[in-house]
Amino acid sequence: MKKPNIQKRHRAYNPMKGFNYANRQARKMFMATFAIFGVLMLLAALIDHSLGAAAGSGVTLASMALLGHLDDVSDRDTHGSDISYIVYLVALDQIDRTKEFPQPNANREVAPIPLKPNEIPHYFEAHDIPTFTGTTEKGDITTTGENQFVIIMGGARVNLYNFIEEYSGGKFIIFFKHVKKKEWYILGELERPVILSNTETKDDKDGRYTTFTFKRSSVDLPLVYTGNPAITAATAIAAGATAIAITAGSNTYTIPNGTSAAAAIATVSGLSKSDKGRYITLIGAGADKPATIADGSTFVLEEGATWTAKTGASITFRVLDTTTLVEVSRTEA
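Read in the numbering used here, the sequence shown has 1346 at position 319, and its numbers run on one by one without any break.
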């Protein structure tokens, strides 16, 4: 039988086949290496973040630690229309710039601001409840903010018109308080005052009134004012007295020079439980025999440092109870 003629087929050699295979293998190896590298980078970032949160972010953690927890409040603390109708203004030209402008302490408390002789804050009695608004906004580079305080004054009056013409664009410090509260708030400072940026006066069939809008560019919010802008004159303490009699109508007391010797003031009287949180300021007027106040059970002084009532010196206390006053701030002569 004749064998069939079977010819063996030989495939032609393809040189690209080996190249493609090697290329695929190289890409697989590259992708695997890249994936491993990415995982390692992710783990490193997580570890670095954890370490930063534990040690490298001290400012943020410290600030939050100082703030503590912030709980909710009742509706009694959130209802509106609580700002008093009476608002006090101080123009910058009333401030005594030869004395240091007070800065807030850790409790956001600001000592009484120094005014020129015979200058006093002037009150504006609003026709409607004043409004304060503070806003902040994060931009591309930093956070900006604005304070706005609005007062509506009633009537078409000559003194209102004079104030508008004289002080539009003027720079002020504003004092305001909440109804039934002891604390006054201060808005503005010497370097960044509040500006009377807009006024609108109406006299038509709808009414006669003027709206004052005060603004300043700042992320800072109102601070607690330890003075009392409503008090126009300090109460004088008798020379040589060793006790201070606190009265309901005065938060500021002048300590004169001693007669035969320097007096050591050690006690107070006239305080009740309702005075807790009230601020009392003593103004020195001593010369060669100035009175002194030492640290003790009645007057709790910062770092136990004795205060001397020389002319130009002052000290402000917060009433803790009926017999104890705690120092808030002081100025030295």
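Beta carbons are placed, not taken as given, at the ideal position from N, Cα and C, and that holds for glycine.
All values reported here derive from a predicted model rather than from experimental measurement.
Among Asn1278, Asn1255, Ala1321 and Ile1292, which has the Cα closest to the Cα of Ala1265?
-> Ile1292
Separation of Ile1113 from Ile1309, as counted between CA atoms = Here residue 1309 is Leu; the residue named in the question, Ile, does not match the sequence. Each residue's Cα considered, the two are about 25 Å apart.
Bridge partners - Ser1108, DSSP secondary structure assignment | Ser1108 pairs with nothing; no bridge assigned.
Roughly how many angstroms separate the alpha carbons of Ala1340 and Ser1224, rounded to a whole number?
-> Rounded to the nearest angstrom, the two C-alpha atoms are 36 Å apart.
Flag this pair as touching only if the region 1281-1297 and the region 1322-1334 have three or more C-beta atom pairs under 8 Å; answer yes or no.
-> yes
Cα-Cα separation between Pro1131 and Leu1214, rounded to whole angstroms | Pro1131 and Leu1214: Cα-Cα distance of roughly 12 Å.
Stretch-stretch touch, CB-based, cutoff 8 Å, three pairs: the region 1139-1155 with the region 1176-1187 | A contact is defined here as three or more CB-CB pairs under 8 Å, and the region 1139-1155 meets this definition with respect to the region 1176-1187.
Within 8 Å, strictly: CB atoms of Ala1116 and Phe1199 | Note on identity: in this sequence residue 1116 is Leu, with Ala being the wrong assignment. Contact: yes.
Taking the CB atoms as reference points, tell me whether Ile1140 and Ile1122 lie closer together than 8 Å.
-> yes
Can you grab the Cα-Cα spacing for the pair Val1355 / Asp1230, in whole Å?
-> 47 Å
Straight-line gap, Asp1233 to Glu1192 (C-alpha atoms, nearest Å) = 23 Å
Using CA coordinates, which residue listed in Ala1118, Ala1133 and Arg1219 is at the minimum distance from Asp1247?
-> Arg1219
Closest residue to His1364 among His1205, Ile1282 and Glu1216 (Cα-Cα distance) = Lying before the first or after the last residue shown, residue 1364 is absent from the chain, which here runs from 1028 to 1360.
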